[in-house]
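**Student:** Heads up: the protein sequence lines correspond to chains A, B, C and D, in order. The opening position of the first sequence corresponds to residue 1021 in our numbering, with each subsequent residue numbered one higher. The opening position of the second sequence corresponds to residue 2 in our numbering, with each subsequent residue numbered one higher. The opening position of the third sequence corresponds to residue 46 in our numbering, with each subsequent residue numbered one higher. The opening position of the fourth sequence corresponds to residue 63 in our numbering, with each subsequent residue numbered one higher. From the three backbone atoms N, C-alpha and C, an ideal C-beta is built for every residue, glycine too. Since the structure is predicted, the reported quantities are computational estimates derived from the model, not experimental observations. I have a structure I would like to understand better, so I am pasting it below and will then ask my questions one at a time.
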Amino acid sequence: MDKHLITRGVQRSPFWKFILWILPWGMLLGWGLYGAYLCLAEGLNQTNMDNRFAFGLWIYLDLTVIAFGAGAFFTGFLLYILKRHELKSVINSAVVLGLICYSGAIAVLMVDVGQPLRAWFTFWHPNVHSMLTEVTFCLTCYLTVLILEYAPIVLKNRQIRKIPSYLVFEFNLHKLMVVFAGVGAFLSFFHQGSLGGLYGVLRGRPFAFREELGIWPSTFFLFILSAMAAGPSFILLTTWLVEKLSRKRLVKHETLSYLGKLSGIMLTVYILFKSIDTLIWINSTSPSSGFPAFEYYDRAAFGTWVLFAEVVVFGLLPALLLLRKRFREHRGWLITSAVFVLAGVALNRFVLTIQTLALPTLVFDEFLSYLPSWQEVATFSLVIAYGVVLYSVSFRYLPLFPQERELAQSY
Amino acid sequence: MPLTLTRRDILKFVGGSIAGIMVTPIPWKLLDDVSIWTQNGPWIPKVPRGALTTSFSTCALCPAGCGVQARCVNGIPYFLSGTRNHPVNNGTLCPSGVAAHHLAYHPLRLKTPVQVTRGNGTIEVRPVSLDDVLRKISVASGNSTGAKGSLALLDQRPGRTVSLFYRKQLARHDHGIYLVSPTDPILITQCLDEMAETPFGPVGYHLENVRTILSFAAPVLDGWGTPAQTSPMLRTRHSSEQNAVKVIQIDSRHSRSAQLADQWIPLKPKTEAALAFGIAHVIIRDGLYDKRVIGRRIPDFNIPGKHSYSDLIGRFTPDHTSELTGVSSDVIVSTAHSLVARGPSVAIGDGDSGGGPLGKEAEIAIWGLNILLGALESNGSIVQRREAPVPEGFSSKELSPVMGISAIPDHSIGLLLIDGSDPGDPLPWSLLERKLIPRQSLVVACSPTLTGLAQHAQYVVPTPAHLEALTDIPTIVSSATATFSISAPLLKRPEGMTDAIEIMAKVFETEGSMEDLLKQRTSAIFATRRGCVFKAGTGTTVPITELGSPDEFWTELTAGGMWTDDPIRSKPFFQFHFMGRAPDAYQRMLDAGEAVSPLDGPLTPEMLTVLPYGRRAEVGGAQLSPLMTKLYQESGLHRSSKVAVLNPATAKKFDLVHGEQGILATACGTQKVGIRVDAAVMPGVIEIAAGPEPIGQAGNEIVQEQNILELIDPDQALPWRAFRATLRKA
Amino acid sequence: MIKKGSPGFWSGFGVALVIGWLAFPRILYRSLEQPVQFSHAIHTGETVGMTCDGCHTFSNDGRFAGIPTLVQCAGCHADVVGETEAEEHFVKEYIKQRREVPWHVYARQPDNAHFSHADHVNVGGIVCERCHGSHGTSGSLRPFEENRISGYSRDIWGANISGVKSNAWEGMKMNDCVACHNENNHRSACLDCHK
Amino acid sequence: MDQATVKQSRYGMAIDLDRCTGCGACLMACAVENNVSPGRPTVNERTGTTWMRVIEVQDGRAFPAAETAFIPMMCQQCEEETPCVSVCPQNAVEVDPETGIVGQIPQRCLGCRYCMTACPYHARYYNWWDPQWPEGMEKALNPDVAPRMRGVVEKCNFCHGRLHDARAKAAAKGSREINPTDYIPACVESCPVQAITFGDLNDEAADVARQAKSERAFRFLSRLGTEPKVYYLSGRSWVQRLADRELARSKKETVHG
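Next comes the structure, spelled out in structure tokens:
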């Protein structure tokens, strides 16, 4: 039915199967739209956020998703600037993932702010000292870059290629890829960092506050490093997942192994700096503002095990596994390690966003709990559903994995 | 040029338009205007614009009668503060008073007379005409002569001039009953009439002389006295000032006064009489009293061979008292000593409004303590005071007597009229209900809002809201002299509001107007040429003789002024027979002293003791601004009537968890409450607020108020300050 | 790709310009007639000789009374004193019925802006004309133009839809206030003017 | 005319916790003065709006020894590194250099709530619902304060509307200097025990400046280095130890609210 749209030389499942796959996601999308509509029309009283838990599920997942989406800029940077051609086979997929993560995060942010119609004030009256200004500028700029990076992939569609002027356009865009990759890396560097800075600058929240290195708190750099560790793992994991779901080989194992190695190296560096940072924070930063650090881990649910899990179980362990070729060559270990990397980064974002707000500041404050409402969950599932649909469509009609044809023929 | 439009042409046209639009003001101006729309949209209320003025009146929310200064815009008050130098409040207001100008906008405000039907948890109202209501009353009134029962008028704010009017009319009625909520000041008056050789008259307090106050559950630092009396005491708390007033609060509850007092003595609920006897025991045992005073004042102090006061007191040794009250004998002894050492001292017994009165016997016990402490002597702080002069025709002979609820036989009232226009102390509906003739009685309430007892009436006639109505403020209980002030309207009353006096006048087939009545009263006061007048406009006080005419006096009073009587200089001689008069007095007092606290009660061990409480201005009806949600739901500073507060150990014992829901049950019903733990609360008790919740925004349905007082068992109700109930997980 | 000189493109472009610059302002603003026609010129002119602060007064606390209330007008206009139809209408419909005139105020700022005339006139020494132009000598009241979206008077944005201002009194948006404050080194905290 | 002639003030408060009785008059006066709307039926302590909140705190001892203190808590008007100012992406929060007051402009705010996470005093409130008043009550709103809208943050600004009034009053006399008695926030005015002192901390003669230097004075979380301009006074050591966690730990008893 849609054969004429599918990339030449690859096999895609029949159209009805594709629709069957999309349908549940479409329904999730609808539910999500309804949740988001409620939040916009009735106000954020639809959520379980409150004055004390002013940031909730959305900010946590935004931070996580953007860290996962870092694969787009990191692979782009490695491929186009550092010429690591191993990554050519996943770059298109990385771009789509990046686009999904970033556009989804921005969409959720628009629901999250109380006055989306005034959001443009940030551009007109920016406060250059605010991490959020930095985030907003970089996110929107980088989203534009991602769209420009996505455009040539769209233009590669069999039917669109038929229009000669588009072909020329695509070719021209391709020549500019180096520029986009450069700009993307630059922007990403800043907003990944700023997202870390978002909490690191909170002087009033000593659990999150970190000393400044230059003009940025240390979390600025830790976020960049951890995002660079998570990005390749996310591409690795999604590629593997798509292979499983489509029952096809899409990339060579060397590529996946290489991604794992990248992740491992970045994670090692990250964990090293994270450990140093944590020690400084426990022994100096936090106590000097009147907050004994061990008090943070007084609560059973948020004991020191959280810190241990973040640094050792989901940090050191996968880093060591990924650094060893033996484990990388083994699919099972590779995938497990990637999952651990992502879990570690997600846990880090969770600790920084949710635990920071749950912990008391004033002596007579209580430790707070918060459970998102269904509207919050729905709004976020909107992003997930949108991501799956966009990725599925892209995978079906666009050449996301250049090696696929080659691998299919070699069968 | 051929006129064929291709798809590409249209696309180009659209492209051109988009490019063109970008260089017109459309997108940019719209972006700007839409943001302005989000700042000023029609859903955001507009602030009033207009002339600013200042007016004065008197707050009628509670019996204190604070002077109010209102900043108004377009004549409508928008910010209230206390009138400077006002003898009652000296520039201060309580939180209810600060927001009192909102009561006219209460979401449950009635616009027309209504018929009320109580459904399952909700209330339905049907507008009716005033004539309909009057017709119903007239039929019921006809019935309520003779066998069909009596006509009772419940006055929720006794002591006003209009109260005199009611009593006068009821006195003329064959089966008329003037009913009030039971309060300790009324009980004290009754006791004194029973015990004194010659009538003592109203009791006044001269707290300026006092260095130690022994408060028996009275909210002395939280609404019992006037702000002008309590603010100086509160300002010197925690200071090392020698002459600062020391407050010892005897209270089963960790009440606000208990929190603020210099010393809190928690005792088992309902054992105040025993503790008063116990302290008196130590004073007598250790010879800490002036023997001449006792000889003069208490004829039955020691009568050999007969029951005497010292006999009675003799039984309450510190150890025995300690057993009864749970207060350690050391504390009893040291309290007695410090009361004498740090004199002058006074004991005040006056249960808080929601908790209800301490009871007659406890008041007698406390009165005995005051005699021992010399509080009734010439330098003491308990004084006699006059009532504010009344117009001719309102002498006590011509008035119907004041009746408590317990004096009324069950199933005897055929027509119950409730004047709830100025709510005061509560009267649990369960007590009231059983006095009505089942299924044949009519209950009509006059109230500005559908709250409090009005929710139980069959018909409600709307009265003007606070600051719309003209009413007077009788003397507050803690005052040393008689006072009188008028709460004059600051707001125009809406159409359809009727003063309660007009309804009652129609019932009694007579004429009645609030303004005429109050003018008569002010003229009567003016005629004595006694006392002085506070002028709100200037903040000064002048002798009444400086005013030229009753009209001038009226003008001052309606502009936030206040009249204060001269103090009575000489103290006439008084004697009190503790055992005399009533033959069973000794036994009654002994029983009261030996009474077992509900905390030690014989009932099943899973029973807890409920201690209801509530502020006078708040519990009697919804005198709560919609904005009071700030104090209740939004900050937890005032606890909601849906929250039960327990000691953590008690909660643990009964498997109740802080923050969860529980079901509170007595033989009379169940209520859902939130559970809260507080380490300062006495183990074994539940503290729970009586009275309404503030309503910030009314929903589509009128919800029935949940009031803890509705769980009181009418069989063993009085006093209701502590009763037993079970609390389990919801 | 769009070729330059393509007639389709430029006709779209042209239509957009016409709509944006000519039609849009007319659609955006709603024109409302004032309830009473008032001539500042007659009142301030030689025959009557009143001054601005004769009617637009300050109270002791520095509040500006704005447009005079009926009481002030009734001082002279208790009955018809002139010959105009507008005055007759005013006396009949408002004075006699003691009904305040629901003026549409050209210079009205939104609730969130605090503007103290006392500060600007008494302390700053600014003349009325600086912000109100020649309104004080106008012979009649022009229609009030209300922005359909924001509800603001057109005077706030200024007569020219492009936002270009040719006179000092044109435009009363925040930017205009800020520009003057910056120029003269006056208070410039947000809360100085926002309430 | 120019700024140089204008006095630089640092408005601040000193709240005597040994006097505060927890009556809540300040809280109500604040809500009335600043046109804060009544709560919705489902509102609670975490979703409500109270620019000033009185917090009941106990010393942690059990019945019957427990001692209580009441802590009126509002925006602490941090002077240095003001946590909420630097985080706002669109300059909706600023410290007025002339008064030291931390201003929040709801009309500029986009409702991201970043400032709320930044504030260690939880003194910022978000409008989760459309502010609504019962019918007719909008006629009784304070004309000097603009109502806010859903989806924006608001907080205490030391009753800035009253500063406008005081300035207008001064301007009526042709002066730029306000009379200090003309500018008193609603909570200060309404406190029945005069527990709150307000004034210019730069003015050596002002009561508030004297009290801020008293040995009973302390500030909450002062070690964060944000230099709040709201001082608290208490002679009770357990109350003073509430200032920060390090201090609170110095005594065995745990303290909870």
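Less than 6 angstroms between C-beta atoms, sequence neighbours within five positions excluded: which residues of the same chain meet that for P182 (chain D)?
**Tutor:** L283
**Student:** Round the Cβ separation of L665 (chain B) and A645 (chain B) to the nearest angstrom and send it over; I've been treating them as touching at under 8 angstroms.
**Tutor:** Confirmed, about 6 angstroms.
**Student:** Within the same chain, show all residues whose beta-carbon is closer than 6 angstroms to that of V69 (chain B), passing over the 5 residues directly before and after it, in chain order.
**Tutor:** S58, C60 and L81
**Student:** In this structure, how does DSSP classify A224 (chain C) when only helix, strand and coil are distinguished?
**Tutor:** Of the three classes helix, strand and coil, the one that applies to A224 (chain C) here is helix, per DSSP.
**Student:** Cβ atoms of P151 (chain D) and T1156 (chain A): under 8 angstroms apart, would you say?
**Tutor:** In this structure, T1156 (chain A) places its C-beta atom within 8 angstroms of the C-beta atom of P151 (chain D).
**Student:** Jot down the residue ranges of each uninterrupted alpha helix (DSSP H) in the segment 1253 to 1320 of chain A, minimum 4 residues, whole runs only, in chain order.
**Tutor:** Counting only runs of 4 or more, we get 1273 to 1300.
**Student:** Mind checking S99 (chain D): buried by the 16 CB within 10 Å criterion, or exposed?
**Tutor:** S99 (chain D) sits buried, since 16 or more C-beta atoms from the chains shown fall within 10 Å of its C-beta.
**Student:** Along chain A, which residues have their Cβ under 8 angstroms away from the Cβ of L32 (chain B)?
**Tutor:** Per Cβ cutoff of 8 angstroms: W1140.
**Student:** What is the DSSP secondary structure of S84 (chain C), reduced to helix, strand or coil?
**Tutor:** coil
**Student:** Just the Cα atoms here: how many angstroms apart are R1104 (chain A) and W1260 (chain A)?
**Tutor:** 21 angstroms
**Student:** Cα separation between D10 (chain B) and G17 (chain B)?
**Tutor:** 10 angstroms
**Student:** So, at 8 angstroms on beta carbons, what are the nonlocal neighbours of F1227 (chain A) in its own chain, with the 5 sequence-adjacent residues on each side left out?
**Tutor:** S1306, F1311, Y1316, Q1375, T1376 and L1379
**Student:** Once you ignore the five residues that flank L1049 (chain A) on each side, which residues in its own chain have a CB closer than 7 angstroms to its CB?
**Tutor:** L1402, A1405, Y1406 and V1409
**Student:** I'd like to confirm the pairing. Which residues does DSSP put opposite V292 (chain D) in its beta bridges?
**Tutor:** D:M75
**Student:** Just to confirm, are S346 (chain B) and V478 (chain B) a CB contact at a threshold of 8 angstroms?
**Tutor:** no
**Student:** Going by C-alpha distance, which of A:E1426, A:P1422, A:A1428 and A:L1418 is nearest T1027 (chain A)?
**Tutor:** Measuring from the Cα of T1027 (chain A), the nearest candidate turns out to be A:L1418.
**Student:** Looking at C-alpha atoms only, which residue of D:A230, D:K217, D:L172 and D:K291 is the closest neighbour of H162 (chain C)?
**Tutor:** D:A230
**Student:** Distance check for L454 (chain B) and V704 (chain B), CA to CA, integer angstroms please.
**Tutor:** Between V704 (chain B) and L454 (chain B), the C-alpha separation is close to 14 angstroms.
**Student:** Count the other CB atoms within 10 Å of the CB of S237 (chain D); is the residue buried (16 or more) or exposed (fewer)?
**Tutor:** exposed
**Student:** Closer than 8 angstroms is the cut-off here; do at least three beta carbon pairs connect the segment 213 to 231 of chain B with the segment 350 to 369 of chain B?
**Tutor:** yes
**Student:** Report the residue ranges of all alpha helix (DSSP H) runs contained in full by the segment 1084 to 1171 of chain A; include only those spanning at least 4 residues, in chain order.
**Tutor:** 1091 to 1096, 1108 to 1132 and 1141 to 1144
**Student:** By DSSP, does V1333 (chain A) sit in helix, in strand, or in coil?
**Tutor:** helix
**Student:** So is Y151 (chain C) in contact with chain B if we call contact Cβ pairs under 8 angstroms?
**Tutor:** no
**Student:** Starting from C121 (chain C), follow the beta strand (DSSP E) in both directions and report where the run begins and ends.
**Tutor:** Note, C121 (chain C): premise wrong, no beta strand (DSSP E); alpha helix (DSSP H) at L115 to H122.
**Student:** Determine whether the beta carbon atoms of E362 (chain B) and A593 (chain B) lie at a separation below 8 angstroms.
**Tutor:** yes
**Student:** Does chain D have any CB closer than 8 angstroms to the CB of A163 (chain C)?
**Tutor:** A163 (chain C) belongs to the set of residues whose beta carbon lies under 8 angstroms from a beta carbon in chain D.
**Student:** Less than 8 angstroms separating the beta-carbons of A100 (chain B) and L591 (chain B)?
**Tutor:** no
**Student:** Which word fits T630 (chain B), buried or exposed, when buried means at least 16 other C-beta atoms lie within 10 angstroms of its C-beta?
**Tutor:** buried
**Student:** Report yes if the CB atom of T259 (chain D) is closer than 8 angstroms to the CB atom of E142 (chain D), and no otherwise.
**Tutor:** no
**Student:** When you compare the segment 1081 to 1098 of chain A with the segment 1248 to 1259 of chain A, are there three or more beta-carbon pairs, one atom per stretch, that lie closer than 8 angstroms?
**Tutor:** yes
**Student:** Check whether the Cβ atoms of G173 (chain D) and Y188 (chain D) lie closer than 8 angstroms to each other.
**Tutor:** Yes, the Cβ-Cβ distance between G173 (chain D) and Y188 (chain D) is below 8 angstroms.
**Student:** Taking the alpha-carbon positions, what's the I249 (chain B) to G162 (chain D) distance?
**Tutor:** 43 angstroms
**Student:** Within 8 angstroms of any Cβ in chain D, is that where the Cβ of A1329 (chain A) sits?
**Tutor:** no
**Student:** Report buried or exposed for R50 (chain B), applying the criterion of at least 16 other Cβ atoms within 10 angstroms of its Cβ.
**Tutor:** exposed
**Student:** Checking 8 angstroms against the spacing of the C-beta atoms, do S1283 (chain A) and A1358 (chain A) come in under that value?
**Tutor:** yes
**Student:** Could you tell me which residues DSSP puts in a beta bridge with V646 (chain B)?
**Tutor:** In the DSSP assignment, V646 (chain B) is bridged to B:R677 and B:E688.
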